[in-house]
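See below for the structure under consideration.
Right, dumping it as C-alpha coordinates:
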(Lines of atoms letter the chains of each structure in order from A and count residues from 1; the text may use other names and numbers.)
(Lines give C-alpha, C1' and ligand atoms only; values in the text may rest on other atoms or scores of the structure.)
Protein backbone atom coordinates (compact mmCIF):
# COMPACT_ATOMS: atom_id res chain seq x y z
CA UNK A 1 0.00 0.00 0.00
CA UNK A 2 1.05 3.61 -0.51
CA UNK A 3 2.56 5.30 2.52
CA UNK A 4 -0.21 7.64 3.69
CA UNK A 5 2.06 10.25 5.24
CA UNK A 6 0.97 13.61 3.83
CA UNK A 7 4.51 14.72 3.13
CA UNK A 8 5.01 12.20 0.33
CA UNK A 9 5.00 14.13 -2.99
CA UNK A 10 1.97 13.56 -5.18
CA UNK A 11 4.17 12.53 -8.10
CA UNK A 12 5.78 9.80 -6.01
CA UNK A 13 2.34 8.62 -4.88
CA UNK A 14 1.30 8.40 -8.51
CA UNK A 15 4.37 6.38 -9.41
CA UNK A 16 3.56 3.88 -6.68
CA UNK A 17 -0.12 3.86 -7.61
CA UNK A 18 0.68 2.76 -11.16
CA UNK A 19 1.77 -0.60 -9.81
CA UNK A 20 -1.07 -1.05 -7.32
CA UNK A 21 -4.84 -1.43 -7.28
CA UNK A 22 -6.28 2.06 -7.72
CA UNK A 23 -9.42 1.54 -5.65
CA UNK A 24 -7.34 0.78 -2.58
CA UNK A 25 -5.40 4.01 -2.80
CA UNK A 26 -7.73 6.56 -4.45
CA UNK A 27 -8.75 8.02 -1.09
CA UNK A 28 -5.12 8.39 -0.09
CA UNK A 29 -4.29 10.10 -3.37
CA UNK A 30 -7.25 12.47 -3.06
CA UNK A 31 -6.14 13.31 0.47
CA UNK A 32 -2.63 14.19 -0.74
CA UNK A 33 -3.95 16.30 -3.61
CA UNK A 34 -6.29 18.22 -1.34
CA UNK A 35 -3.70 18.67 1.38
CA UNK A 36 -1.19 20.61 -0.69
CA UNK A 37 -1.21 23.14 -3.49
CA UNK A 38 -1.66 20.59 -6.23
CA UNK A 39 -1.62 21.86 -9.78
CA UNK A 40 -4.32 21.24 -12.35
CA UNK A 41 -2.00 18.92 -14.25
CA UNK A 42 -1.49 16.79 -11.12
CA UNK A 43 -5.24 16.42 -10.68
CA UNK A 44 -5.57 15.58 -14.38
CA UNK A 45 -2.73 13.05 -14.35
CA UNK A 46 -4.22 11.40 -11.29
CA UNK A 47 -7.70 11.30 -12.84
CA UNK A 48 -6.47 9.88 -16.13
CA UNK A 49 -4.48 7.19 -14.35
CA UNK A 50 -7.45 6.08 -12.31
CA UNK A 51 -9.79 6.29 -15.32
CA UNK A 52 -7.70 3.70 -17.15
CA UNK A 53 -7.91 1.34 -14.19
CA UNK A 54 -10.93 2.02 -12.01
CA UNK A 55 -13.68 4.35 -13.21
CA UNK A 56 -15.42 4.53 -9.84
CA UNK A 57 -12.21 5.66 -8.14
CA UNK A 58 -11.68 8.15 -10.96
CA UNK A 59 -15.14 9.63 -10.36
CA UNK A 60 -14.34 10.18 -6.70
CA UNK A 61 -11.03 11.83 -7.42
CA UNK A 62 -12.28 13.99 -10.29
CA UNK A 63 -15.32 15.12 -8.29
CA UNK A 64 -12.89 16.35 -5.66
CA UNK A 65 -10.83 17.93 -8.43
CA UNK A 66 -13.68 20.03 -9.82
CA UNK A 67 -14.60 21.07 -6.28
CA UNK A 68 -11.03 22.29 -5.89
CA UNK A 69 -10.81 23.87 -9.36
CA UNK A 70 -14.36 24.49 -10.59
CA UNK A 71 -13.26 26.68 -13.53
CA UNK A 72 -11.14 23.96 -15.19
CA UNK A 73 -12.80 22.67 -18.37
CA UNK A 74 -10.25 19.85 -18.56
CA UNK A 75 -11.24 18.47 -15.16
CA UNK A 76 -14.96 18.67 -15.96
CA UNK A 77 -14.22 16.85 -19.22
CA UNK A 78 -12.37 14.04 -17.43
CA UNK A 79 -15.12 13.79 -14.82
CA UNK A 80 -17.66 13.49 -17.62
CA UNK A 81 -15.70 10.63 -19.16
CA UNK A 82 -15.38 8.85 -15.84
CA UNK A 83 -19.13 9.19 -15.21
CA UNK A 84 -19.89 7.98 -18.73
CA UNK A 85 -17.73 4.87 -18.26
CA UNK A 86 -19.50 4.33 -14.92
CA UNK A 87 -22.90 4.33 -16.70
CA UNK A 88 -24.01 7.55 -14.99
CA UNK A 89 -25.18 9.16 -18.20
CA UNK A 90 -27.10 12.16 -16.87
CA UNK A 91 -24.25 13.25 -14.63
CA UNK A 92 -21.77 12.64 -17.43
CA UNK A 93 -23.74 14.88 -19.77
CA UNK A 94 -23.88 17.62 -17.14
CA UNK A 95 -20.11 17.49 -16.59
CA UNK A 96 -19.31 17.53 -20.30
CA UNK A 97 -21.69 20.42 -20.95
CA UNK A 98 -20.02 22.29 -18.08
CA UNK A 99 -16.65 21.75 -19.76
CA UNK A 100 -18.03 23.21 -22.99
CA UNK A 101 -19.60 26.13 -21.15
CA UNK A 102 -16.17 26.96 -19.75
CA UNK A 103 -14.40 26.29 -23.06
CA UNK A 104 -16.70 26.05 -26.11
CA UNK A 105 -13.70 25.08 -28.26
CA UNK A 106 -12.85 22.00 -26.16
CA UNK A 107 -12.79 19.43 -28.98
CA UNK A 108 -12.51 16.35 -26.78
CA UNK A 109 -15.47 17.40 -24.64
CA UNK A 110 -17.58 17.92 -27.78
CA UNK A 111 -16.62 14.51 -29.11
CA UNK A 112 -17.27 12.73 -25.82
CA UNK A 113 -20.64 14.42 -25.41
CA UNK A 114 -21.59 13.56 -28.98
CA UNK A 115 -20.75 9.89 -28.42
CA UNK A 116 -22.75 9.87 -25.20
CA UNK A 117 -25.77 11.33 -26.98
CA UNK A 118 -25.37 8.82 -29.79
CA UNK A 119 -25.51 5.95 -27.27
CA UNK A 120 -28.84 7.38 -26.10
CA UNK A 121 -30.22 7.76 -29.62
CA UNK A 122 -30.35 11.54 -29.26
CA UNK A 123 -29.17 12.22 -32.77
CA UNK A 124 -30.65 15.68 -33.10
CA UNK A 125 -28.88 16.80 -29.91
CA UNK A 126 -25.69 15.15 -31.14
CA UNK A 127 -25.83 17.17 -34.35
CA UNK A 128 -26.31 20.40 -32.40
CA UNK A 129 -23.20 19.63 -30.33
CA UNK A 130 -21.10 19.02 -33.45
CA UNK A 131 -22.41 22.12 -35.20
CA UNK A 132 -21.49 24.17 -32.14
CA UNK A 133 -18.07 22.52 -32.08
CA UNK A 134 -17.54 23.60 -35.67
CA UNK A 135 -18.51 27.18 -34.87
CA UNK A 136 -16.22 27.42 -31.85
CA UNK A 137 -13.17 25.39 -32.81
CA UNK A 138 -10.40 26.74 -35.06
CA UNK A 139 -11.47 26.58 -38.71
CA UNK A 140 -8.82 24.13 -39.84
CA UNK A 141 -9.12 21.57 -42.60
CA UNK A 142 -8.55 18.77 -40.10
CA UNK A 143 -11.38 19.98 -37.86
CA UNK A 144 -13.70 20.41 -40.81
CA UNK A 145 -12.98 16.89 -42.04
CA UNK A 146 -13.48 15.30 -38.62
CA UNK A 147 -16.75 17.08 -37.87
CA UNK A 148 -18.20 16.44 -41.32
CA UNK A 149 -17.18 12.77 -41.25
CA UNK A 150 -18.74 12.25 -37.81
CA UNK A 151 -22.03 13.87 -38.82
CA UNK A 152 -22.19 11.68 -41.92
CA UNK A 153 -21.29 8.58 -39.92
CA UNK A 154 -24.26 9.37 -37.67
CA UNK A 155 -26.41 9.99 -40.78
CA UNK A 156 -27.13 13.60 -39.84
CA UNK A 157 -26.89 14.65 -43.45
CA UNK A 158 -29.04 17.78 -43.28
CA UNK A 159 -26.86 19.26 -40.53
CA UNK A 160 -23.70 18.24 -42.37
CA UNK A 161 -25.10 19.83 -45.51
CA UNK A 162 -25.54 23.16 -43.70
CA UNK A 163 -21.78 23.30 -43.06
CA UNK A 164 -20.64 22.40 -46.57
CA UNK A 165 -20.74 25.88 -48.20
CA UNK A 166 -18.46 27.47 -45.60
CA UNK A 167 -16.14 24.46 -45.55
CA UNK A 168 -15.75 24.44 -49.32
CA UNK A 169 -15.29 28.21 -49.37
CA UNK A 170 -12.35 27.76 -47.00
CA UNK A 171 -10.95 24.61 -48.69
CA UNK A 172 -12.32 24.57 -52.25
CA UNK A 173 -9.88 21.98 -53.62
CA UNK A 174 -9.91 19.45 -50.81
CA UNK A 175 -10.92 16.08 -52.33
CA UNK A 176 -12.33 14.71 -49.06
CA UNK A 177 -14.69 17.66 -48.54
CA UNK A 178 -15.71 17.62 -52.19
CA UNK A 179 -16.47 13.89 -52.03
CA UNK A 180 -18.45 14.29 -48.81
CA UNK A 181 -20.35 17.19 -50.34
CA UNK A 182 -21.22 14.99 -53.31
CA UNK A 183 -22.27 12.07 -51.17
CA UNK A 184 -24.44 14.28 -48.96
CA UNK A 185 -26.14 15.85 -51.97
CA UNK A 186 -26.75 12.37 -53.40
CA UNK A 187 -28.31 11.11 -50.16
CA UNK A 188 -30.58 14.17 -50.10
CA UNK A 189 -31.63 13.66 -53.72
CA UNK A 190 -29.86 16.64 -55.30
CA UNK A 191 -28.36 14.63 -58.12
CA UNK A 192 -26.94 17.34 -60.37
CA UNK A 193 -25.14 18.93 -57.44
CA UNK A 194 -23.86 15.53 -56.32
CA UNK A 195 -22.47 14.84 -59.77
CA UNK A 196 -20.67 18.19 -59.88
CA UNK A 197 -18.99 17.70 -56.48
CA UNK A 198 -18.04 14.09 -57.14
CA UNK A 199 -16.47 14.96 -60.48
CA UNK A 200 -14.49 17.72 -58.78
CA UNK A 201 -13.35 15.36 -56.02
CA UNK A 202 -12.06 12.86 -58.59
CA UNK A 203 -10.30 15.60 -60.50
CA UNK A 204 -8.50 16.44 -57.26
CA UNK A 205 -7.81 12.83 -56.27
CA UNK A 206 -8.89 9.86 -58.43
CA UNK A 207 -7.97 7.39 -55.68
CA UNK A 208 -11.32 7.76 -53.91
CA UNK A 209 -13.16 4.50 -54.39
CA UNK A 210 -16.52 5.61 -53.02
CA UNK A 211 -16.58 8.72 -55.22
CA UNK A 212 -16.53 6.52 -58.35
CA UNK A 213 -19.39 4.39 -57.04
CA UNK A 214 -21.50 7.37 -56.02
CA UNK A 215 -20.90 9.14 -59.34
CA UNK A 216 -22.45 6.22 -61.23
CA UNK A 217 -25.62 6.58 -59.14
CA UNK A 218 -26.17 10.29 -59.68
CA UNK A 219 -28.21 9.67 -62.82
CA UNK A 220 -29.47 7.09 -65.26
CA UNK A 221 -27.25 6.88 -68.33
CA UNK A 222 -29.21 7.42 -71.52
CA UNK A 223 -26.55 8.82 -73.86
CA UNK A 224 -23.57 6.83 -75.08
CA UNK A 225 -21.66 10.12 -75.28
CA UNK A 226 -22.23 10.88 -71.61
CA UNK A 227 -19.02 12.41 -70.26
CA UNK A 228 -19.09 10.07 -67.27
CA UNK A 229 -19.02 7.02 -69.53
CA UNK A 230 -15.83 8.34 -71.06
CA UNK A 231 -14.44 9.07 -67.60
CA UNK A 232 -15.13 5.53 -66.37
CA UNK A 233 -13.82 3.95 -69.56
CA UNK A 234 -10.57 5.88 -69.40
CA UNK A 235 -10.13 5.07 -65.72
CA UNK A 236 -10.41 1.31 -66.34
CA UNK A 237 -7.19 1.52 -68.34
CA UNK A 238 -5.18 2.91 -65.44
CA UNK A 239 -2.93 0.59 -63.43
CA UNK A 240 -1.98 2.97 -60.63
CA UNK A 241 -5.21 3.18 -58.64
CA UNK A 242 -5.25 -0.05 -56.62
CA UNK A 243 -7.78 -2.87 -56.34
CA UNK A 244 -10.39 -1.01 -54.26
CA UNK A 245 -10.54 1.92 -56.66
CA UNK A 246 -10.36 -0.16 -59.84
CA UNK A 247 -13.17 -2.40 -58.57
CA UNK A 248 -15.36 0.62 -57.86
CA UNK A 249 -14.63 1.99 -61.33
CA UNK A 250 -15.63 -1.36 -62.81
CA UNK A 251 -18.94 -1.43 -61.01
CA UNK A 252 -19.58 2.18 -62.02
CA UNK A 253 -18.89 1.46 -65.69
CA UNK A 254 -20.97 -1.72 -65.53
CA UNK A 255 -23.91 0.28 -64.21
CA UNK A 256 -23.56 2.81 -67.04
CA UNK A 257 -23.43 0.07 -69.69
CA UNK A 258 -26.45 -1.65 -68.16
CA UNK A 259 -28.40 1.63 -68.25
CA UNK A 260 -27.50 1.97 -71.92
CA UNK A 261 -28.72 -1.56 -72.70
CA UNK A 262 -25.25 -2.82 -73.65
CA UNK A 263 -25.71 -5.96 -71.60
CA UNK A 264 -22.95 -8.07 -73.14
CA UNK A 265 -20.36 -5.38 -72.40
CA UNK A 266 -21.83 -4.81 -68.94
CA UNK A 267 -21.57 -8.54 -68.18
CA UNK A 268 -17.89 -8.55 -69.11
CA UNK A 269 -17.12 -5.51 -66.98
CA UNK A 270 -19.14 -6.77 -64.00
CA UNK A 271 -17.48 -10.19 -64.26
CA UNK A 272 -14.05 -8.69 -63.98
CA UNK A 273 -14.97 -6.37 -61.10
CA UNK A 274 -16.65 -9.14 -59.11
CA UNK A 275 -13.81 -11.55 -59.69
CA UNK A 276 -11.17 -9.02 -58.67
CA UNK A 277 -12.94 -8.20 -55.42
CA UNK A 278 -13.79 -11.78 -54.53
CA UNK A 279 -10.18 -12.90 -55.01
CA UNK A 280 -9.09 -10.73 -52.11
CA UNK A 281 -12.28 -10.91 -50.03
CA UNK A 282 -13.30 -14.59 -49.79
CA UNK A 283 -16.55 -15.71 -48.18
CA UNK A 284 -16.83 -18.62 -45.74
CA UNK A 285 -19.84 -20.69 -46.82
CA UNK A 286 -19.28 -23.15 -43.97
CA UNK A 287 -19.52 -20.42 -41.35
CA UNK A 288 -22.79 -19.23 -42.88
CA UNK A 289 -24.26 -22.74 -42.78
CA UNK A 290 -23.22 -23.09 -39.15
CA UNK A 291 -24.86 -19.76 -38.34
CA UNK A 292 -28.12 -20.86 -39.95
CA UNK A 293 -28.08 -24.13 -38.02
CA UNK A 294 -27.38 -22.35 -34.74
CA UNK A 295 -30.15 -19.83 -35.29
CA UNK A 296 -32.76 -22.46 -36.03
CA UNK A 297 -31.83 -24.27 -32.81
CA UNK A 298 -31.66 -21.29 -30.46
CA UNK A 299 -35.17 -19.86 -30.47
CA UNK A 300 -36.53 -21.82 -27.51
CA UNK A 301 -33.67 -20.71 -25.27
CA UNK A 302 -34.11 -17.06 -26.16
CA UNK A 303 -37.90 -17.06 -25.92
CA UNK A 304 -37.78 -18.69 -22.50
CA UNK A 305 -35.86 -15.73 -21.12
CA UNK A 306 -38.13 -13.06 -22.53
CA UNK A 307 -40.32 -11.35 -19.95
CA UNK A 308 -40.26 -7.72 -21.01
CA UNK A 309 -40.70 -5.08 -23.69
CA UNK A 310 -44.37 -5.76 -24.36
CA UNK A 311 -45.38 -2.18 -23.67
CA UNK A 312 -43.84 0.71 -25.58
CA UNK A 313 -44.98 4.04 -26.92
CA UNK A 314 -43.83 3.01 -30.38
CA UNK A 315 -44.23 -0.03 -32.59
CA UNK A 316 -40.87 -1.09 -34.05
CA UNK A 317 -41.12 -2.26 -37.65
CA UNK A 318 -38.35 -4.31 -39.23
CA UNK A 319 -38.30 -4.61 -43.01
CA UNK A 320 -36.19 -7.63 -43.85
CA UNK A 321 -35.25 -9.86 -46.76
CA UNK A 322 -32.34 -10.19 -49.08
CA UNK A 323 -30.71 -6.89 -50.08
CA UNK A 324 -32.10 -5.52 -53.36
CA UNK A 325 -35.52 -7.05 -52.72
CA UNK A 326 -37.46 -3.78 -52.40
CA UNK A 327 -36.90 -2.85 -48.76
CA UNK A 328 -35.97 0.75 -49.57
CA UNK A 329 -39.05 1.18 -51.75
CA UNK A 330 -41.37 -0.16 -49.05
CA UNK A 331 -39.90 2.15 -46.43
CA UNK A 332 -40.12 5.09 -48.82
CA UNK A 333 -43.82 4.47 -49.50
CA UNK A 334 -44.71 3.92 -45.86
CA UNK A 335 -42.93 7.01 -44.57
CA UNK A 336 -45.16 9.26 -46.63
CA UNK A 337 -47.37 9.07 -43.54
CA UNK A 338 -46.41 11.26 -40.58
CA UNK A 339 -47.27 8.38 -38.24
CA UNK A 340 -44.34 6.44 -39.66
CA UNK A 341 -40.68 7.30 -39.29
CA UNK A 342 -37.91 5.60 -41.24
CA UNK A 343 -34.46 5.22 -39.68
CA UNK A 344 -32.85 3.72 -42.76
CA UNK A 345 -30.57 0.75 -42.21
CA UNK A 346 -29.56 0.72 -38.57
CA UNK A 347 -26.54 -1.46 -37.92
CA UNK A 348 -27.22 -2.48 -34.33
CA UNK A 349 -28.71 -5.97 -34.45
CA UNK A 350 -25.58 -7.85 -35.51
CA UNK A 351 -23.31 -6.31 -32.83
CA UNK A 352 -26.05 -6.73 -30.21
CA UNK A 353 -26.34 -10.41 -31.14
CA UNK A 354 -22.59 -10.87 -30.77
CA UNK A 355 -22.56 -9.06 -27.44
CA UNK A 356 -25.53 -10.97 -25.99
CA UNK A 357 -24.35 -14.41 -27.08
CA UNK A 358 -26.54 -17.50 -27.49
CA UNK A 359 -28.06 -17.50 -23.98
CA UNK A 360 -28.73 -13.92 -22.83
CA UNK A 361 -30.33 -13.34 -19.46
CA UNK A 362 -33.61 -11.48 -19.08
CA UNK A 363 -31.71 -8.48 -17.72
CA UNK A 364 -29.38 -8.48 -20.71
CA UNK A 365 -32.32 -8.62 -23.12
CA UNK A 366 -34.06 -5.77 -21.33
CA UNK A 367 -30.95 -3.61 -21.42
CA UNK A 368 -30.39 -4.35 -25.12
CA UNK A 369 -34.04 -3.64 -25.90
CA UNK A 370 -33.90 -0.31 -24.11
CA UNK A 371 -30.83 0.61 -26.12
CA UNK A 372 -32.39 -0.40 -29.43
CA UNK A 373 -35.64 1.43 -28.66
CA UNK A 374 -33.63 4.58 -27.96
CA UNK A 375 -31.94 4.25 -31.36
CA UNK A 376 -35.33 3.84 -33.02
CA UNK A 377 -37.16 6.54 -31.06
CA UNK A 378 -34.42 9.20 -31.18
CA UNK A 379 -35.21 12.80 -30.25
CA UNK A 380 -37.21 14.19 -33.14
CA UNK A 381 -40.98 14.50 -33.51
CA UNK A 382 -42.62 11.35 -32.07
CA UNK A 383 -44.15 8.77 -34.39
CA UNK A 384 -46.19 5.64 -33.75
CA UNK A 385 -44.32 3.33 -36.10
CA UNK A 386 -40.56 3.44 -36.54
CA UNK A 387 -38.79 1.43 -39.23
CA UNK A 388 -35.40 -0.22 -39.34
CA UNK A 389 -35.03 -1.39 -42.93
CA UNK A 390 -31.73 -3.22 -42.63
CA UNK A 391 -32.59 -6.27 -44.76
CA UNK A 392 -30.00 -8.49 -43.09
CA UNK A 393 -31.90 -8.29 -39.82
CA UNK A 394 -33.64 -11.44 -41.10
CA UNK A 395 -30.68 -13.23 -39.51
CA UNK A 396 -31.73 -12.16 -36.02
CA UNK A 397 -35.52 -12.34 -35.91
CA UNK A 398 -35.52 -14.62 -32.88
CA UNK A 399 -33.49 -12.06 -30.94
CA UNK A 400 -35.77 -9.27 -32.16
CA UNK A 401 -38.71 -11.28 -30.83
CA UNK A 402 -37.01 -11.77 -27.48
CA UNK A 403 -36.12 -8.09 -27.13
CA UNK A 404 -39.20 -6.52 -28.71
CA UNK A 405 -42.17 -8.90 -28.78
CA UNK A 406 -44.38 -6.05 -29.97
CA UNK A 407 -42.32 -5.56 -33.14
CA UNK A 408 -43.82 -6.21 -36.55
CA UNK A 409 -41.92 -7.76 -39.45
CA UNK A 410 -42.32 -7.00 -43.14
CA UNK A 411 -40.60 -9.65 -45.25
CA UNK A 412 -39.75 -8.51 -48.78
CA UNK A 413 -39.29 -11.14 -51.46
CA UNK A 414 -38.24 -10.84 -55.09
CA UNK A 415 -37.61 -13.15 -58.01
CA UNK A 416 -34.35 -14.92 -57.02
CA UNK A 417 -32.64 -14.37 -60.37
CA UNK A 418 -33.50 -10.67 -60.42
CA UNK A 419 -32.29 -10.44 -56.83
CA UNK A 420 -29.07 -12.31 -57.59
CA UNK A 421 -28.31 -10.15 -60.63
CA UNK A 422 -29.01 -6.94 -58.71
CA UNK A 423 -26.73 -8.07 -55.87
CA UNK A 424 -23.97 -9.09 -58.27
CA UNK A 425 -24.25 -5.71 -60.03
CA UNK A 426 -23.61 -3.73 -56.83
CA UNK A 427 -20.37 -3.16 -54.97
CA UNK A 428 -21.23 -3.25 -51.26
CA UNK A 429 -17.64 -3.49 -50.00
CA UNK A 430 -18.84 -4.89 -46.68
CA UNK A 431 -17.89 -8.18 -45.05
CA UNK A 432 -21.54 -9.04 -44.40
CA UNK A 433 -22.05 -9.12 -48.17
CA UNK A 434 -18.84 -10.88 -49.21
CA UNK A 435 -21.09 -13.61 -50.65
CA UNK A 436 -22.59 -11.27 -53.28
CA UNK A 437 -19.68 -11.38 -55.78
CA UNK A 438 -20.21 -14.88 -57.15
CA UNK A 439 -23.43 -16.56 -58.27
CA UNK A 440 -22.57 -19.86 -56.57
CA UNK A 441 -22.02 -18.01 -53.29
CA UNK A 442 -25.22 -16.03 -53.79
CA UNK A 443 -27.13 -19.28 -54.34
CA UNK A 444 -25.66 -20.79 -51.19
CA UNK A 445 -26.52 -17.72 -49.16
CA UNK A 446 -30.05 -17.71 -50.56
CA UNK A 447 -30.46 -21.30 -49.42
CA UNK A 448 -29.64 -20.30 -45.85
CA UNK A 449 -31.92 -17.29 -46.09
CA UNK A 450 -34.82 -19.46 -47.31
CA UNK A 451 -34.24 -21.93 -44.48
CA UNK A 452 -34.19 -19.21 -41.86
CA UNK A 453 -37.27 -17.41 -43.15
CA UNK A 454 -39.20 -20.67 -43.39
CA UNK A 455 -38.26 -21.38 -39.79
CA UNK A 456 -39.16 -17.88 -38.57
CA UNK A 457 -42.57 -17.97 -40.29
CA UNK A 458 -43.26 -21.26 -38.55
CA UNK A 459 -42.19 -20.48 -34.99
CA UNK A 460 -42.07 -16.74 -34.33
CA UNK A 461 -44.98 -15.16 -32.47
CA UNK A 462 -44.23 -11.76 -34.04
CA UNK A 463 -46.56 -10.90 -36.92
CA UNK A 464 -44.81 -11.27 -40.30
CA UNK A 465 -46.22 -9.82 -43.52
CA UNK A 466 -44.70 -11.17 -46.74
CA UNK A 467 -44.65 -8.75 -49.66
CA UNK A 468 -43.53 -9.73 -53.15
CA UNK A 469 -41.65 -7.07 -55.06
CA UNK A 470 -43.43 -7.95 -58.29
CA UNK A 471 -46.83 -7.45 -56.67
CA UNK A 472 -45.69 -4.18 -55.12
CA UNK A 473 -44.55 -2.59 -58.38
CA UNK A 474 -47.57 -3.89 -60.28
CA UNK A 475 -50.02 -2.22 -57.88
CA UNK A 476 -48.17 -0.23 -55.26
CA UNK A 477 -51.29 1.47 -53.90
CA UNK A 478 -53.09 -1.78 -53.13
CA UNK A 479 -49.94 -3.42 -51.77
CA UNK A 480 -49.11 -0.58 -49.40
CA UNK A 481 -52.75 -0.46 -48.27
CA UNK A 482 -52.37 -4.09 -47.21
CA UNK A 483 -49.12 -3.31 -45.38
CA UNK A 484 -50.77 -0.34 -43.64
CA UNK A 485 -53.63 -2.58 -42.51
CA UNK A 486 -51.12 -5.12 -41.21
CA UNK A 487 -49.38 -2.41 -39.17
CA UNK A 488 -52.65 -0.99 -37.87
CA UNK A 489 -52.33 2.40 -39.55
CA UNK A 490 -55.47 4.45 -40.04
CA UNK A 491 -56.85 4.50 -43.55
CA UNK A 492 -56.13 8.20 -43.99
CA UNK A 493 -52.57 9.41 -44.15
CA UNK A 494 -50.96 12.72 -43.37
CA UNK A 495 -47.76 14.07 -44.90
CA UNK A 496 -44.59 13.83 -42.82
CA UNK A 497 -43.33 16.78 -40.80
CA UNK A 498 -41.01 19.13 -42.63
CA UNK A 499 -38.08 18.41 -40.33
CA UNK A 500 -37.70 14.88 -41.63
CA UNK A 501 -35.58 15.46 -44.71
CA UNK A 502 -35.82 12.41 -46.93
CA UNK A 503 -32.49 10.64 -46.96
CA UNK A 504 -31.66 7.43 -48.82
CA UNK A 505 -28.19 6.08 -48.21
CA UNK A 506 -28.35 2.82 -50.17
CA UNK A 507 -27.66 2.14 -53.84
CA UNK A 508 -31.39 2.69 -54.40
CA UNK A 509 -31.07 6.44 -53.80
CA UNK A 510 -31.97 7.20 -57.45
CA UNK A 511 -34.57 4.48 -58.06
CA UNK A 512 -36.48 5.08 -54.83
CA UNK A 513 -37.12 8.69 -55.83
CA UNK A 514 -38.65 7.78 -59.19
CA UNK A 515 -42.24 6.79 -59.83
CA UNK A 516 -42.85 3.14 -59.04
CA UNK A 517 -42.22 1.10 -62.19
CA UNK A 518 -41.86 -2.50 -63.37
CA UNK A 519 -38.71 -2.01 -65.43
CA UNK A 520 -36.61 -4.23 -63.17
CA UNK A 521 -39.00 -7.18 -63.24
CA UNK A 522 -37.41 -9.93 -65.31
CA UNK A 523 -34.20 -7.94 -65.74
CA UNK A 524 -32.19 -11.15 -65.44
CA UNK A 525 -33.37 -12.20 -68.92
CA UNK A 526 -31.12 -9.53 -70.48
CA UNK A 527 -28.14 -11.46 -69.11
CA UNK A 528 -29.14 -15.09 -69.53
CA UNK A 529 -26.96 -15.47 -72.65
CA UNK A 530 -23.95 -13.87 -70.98
CA UNK A 531 -24.02 -15.21 -67.41
CA UNK A 532 -24.50 -18.98 -67.23
CA UNK A 533 -23.90 -18.87 -63.48
CA UNK A 534 -27.05 -16.78 -63.08
CA UNK A 535 -29.17 -19.57 -64.53
CA UNK A 536 -28.09 -21.85 -61.69
CA UNK A 537 -30.17 -19.70 -59.37
CA UNK A 538 -33.53 -21.44 -59.11
CA UNK A 539 -36.59 -19.34 -59.85
CA UNK A 540 -39.30 -19.18 -57.19
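Numbering (our numbering), first residue to last: 36 to 575. Yeah, the Cβ is synthetic: ideal placement off N, Cα and C, and Gly gets one too.
{"query": "Give a yes or no on contact between the stretch 315-326 and the stretch 374-392, applying the rule of three or more CB pairs nearer than 8 Å.", "result": "no"}
{"query": "Tell me whether residue 485 sits in a helix, a strand or coil according to DSSP, three-state version.", "result": "helix"}
{"query": "Can you name, in chain order, every residue of its own chain whose Cβ lies under 6 Å from the Cβ of residue 179, other than the five neighbours on each side?", "result": "202"}
{"query": "Could you tell me which whole alpha helix (DSSP H) segments of length 4 or greater appear in the stretch 226-311?", "result": "226-239, 244-251, 262-270 and 278-294"}
{"query": "Hey, how far is the Cα of residue 455 from the Cα of residue 255?", "result": "21 Å"}
{"query": "How far does the beta strand (DSSP E) with residue 133 in it reach, from first residue to last?", "result": "Note, residue 133: premise wrong, no beta strand (DSSP E); alpha helix (DSSP H) at 124-137."}
{"query": "Identify the continuous beta strand (DSSP E) that holds residue 423 and give its terminal residues.", "result": "420-423"}
{"query": "Between which two residues does the alpha helix (DSSP H) holding residue 445 run?", "result": "Where residue 445 is concerned, there is no enclosing alpha helix (DSSP H), although the beta strand (DSSP E) it sits in stretches over 443-448."}
{"query": "Report the option in 105, 106 and 82 whose CA atom is closest to the CA atom of residue 95.", "result": "82"}
{"query": "Anyone know if the C-beta pair for residue 210 and residue 184 falls short of 9 Å?", "result": "no"}
{"query": "Does DSSP classify residue 515 as helix, strand or coil?", "result": "helix"}
{"query": "I'd like to know whether the C-beta of residue 295 is nearer than 9 Å to at least one C-beta of chain B.", "result": "The chain labelled as chain B is not found in the depicted structure, where only one protein chain is given."}
{"query": "How long is the line joining the alpha carbons of residue 523 and residue 515, rounded to whole angstroms?", "result": "12 Å"}
{"query": "With DSSP run on the structure shown, which of helix, strand or coil describes residue 224?", "result": "coil"}
{"query": "Classify residue 506 as helix, strand or coil using the three-state DSSP reduction.", "result": "helix"}
{"query": "What residue range does the beta strand (DSSP E) around residue 365 cover?", "result": "Note, residue 365: premise wrong, no beta strand (DSSP E); alpha helix (DSSP H) at 362-369."}
{"query": "Cα-Cα, which of 376, 448 and 428 is closest to residue 556?", "result": "448"}
{"query": "What span of residues does the beta strand (DSSP E) with residue 175 cover, start to end?", "result": "No beta strand (DSSP E) contains residue 175, which DSSP labels as neither H nor E."}
{"query": "Nearest-angstrom Cα distance between residue 231 and residue 188?", "result": "22 Å"}
{"query": "Only counting the same chain, and skipping five residues up and downstream in sequence, which positions put a Cβ closer than 6 Å to that of residue 313?", "result": "472 and 473"}
{"query": "Could you spell out where the alpha helix (DSSP H) holding residue 199 opens and where it closes?", "result": "192-205"}
{"query": "With 16 other CB atoms within 10 Å as the buried threshold, where does residue 194 fall?", "result": "buried"}
{"query": "Could you tell me whether the Cβ atoms of residue 140 and residue 111 are closer together than 9 Å?", "result": "no"}
{"query": "Could you tell me which residues DSSP pairs with residue 379 in its beta bridges?", "result": "Looking at the DSSP assignment, residue 379 forms no beta bridge with any residue, so it has no partner."}
{"query": "Go through its chain and collect everything with a Cβ distance to residue 411's Cβ below 8 Å, but skip five positions before and after it.", "result": "156, 349, 351, 378, 381, 421 and 423"}
{"query": "Per DSSP, what are the beta-bridge partners of residue 356 in this structure?", "result": "447"}
{"query": "Given this structure, state the Cα-to-Cα distance separating residue 574 from residue 224, to the nearest angstrom.", "result": "34 Å"}
{"query": "If the criterion is Cβ atoms closer than 9 Å, does the pair residue 457 and residue 359 meet it?", "result": "yes"}
{"query": "My output table needs one value for residue 463: the three-state DSSP class, helix, strand or coil.", "result": "coil"}
{"query": "Run the CB neighbour count on residue 533, radius 10 Å, all protein chains shown included, and call it buried at 16 or more, exposed below.", "result": "Its pLDDT being 47, under 50, residue 533 is placed unreliably by the model, and the measurement read from it follows with that caveat. Exposed is the call here."}
{"query": "Count the other CB atoms, across all protein chains shown, that sit within 10 Å of the CB of residue 90; report buried if there are 16 or more and exposed otherwise.", "result": "buried"}
{"query": "The alpha helix (DSSP H) spanning residue 171 covers which residue range?", "result": "158-171"}
{"query": "Ends of the alpha helix (DSSP H) at residue 145?", "result": "142-154"}
{"query": "Let me check understanding here. Comparing Cα to Cα, which of 106, 309, 261 and 297 lies closest to residue 284?", "result": "309"}
{"query": "Using a Cβ-Cβ cutoff of less than 7 Å, which residues in the same chain neighbour residue 171 once the five nearest sequence positions on both sides are dropped?", "result": "139 and 140"}
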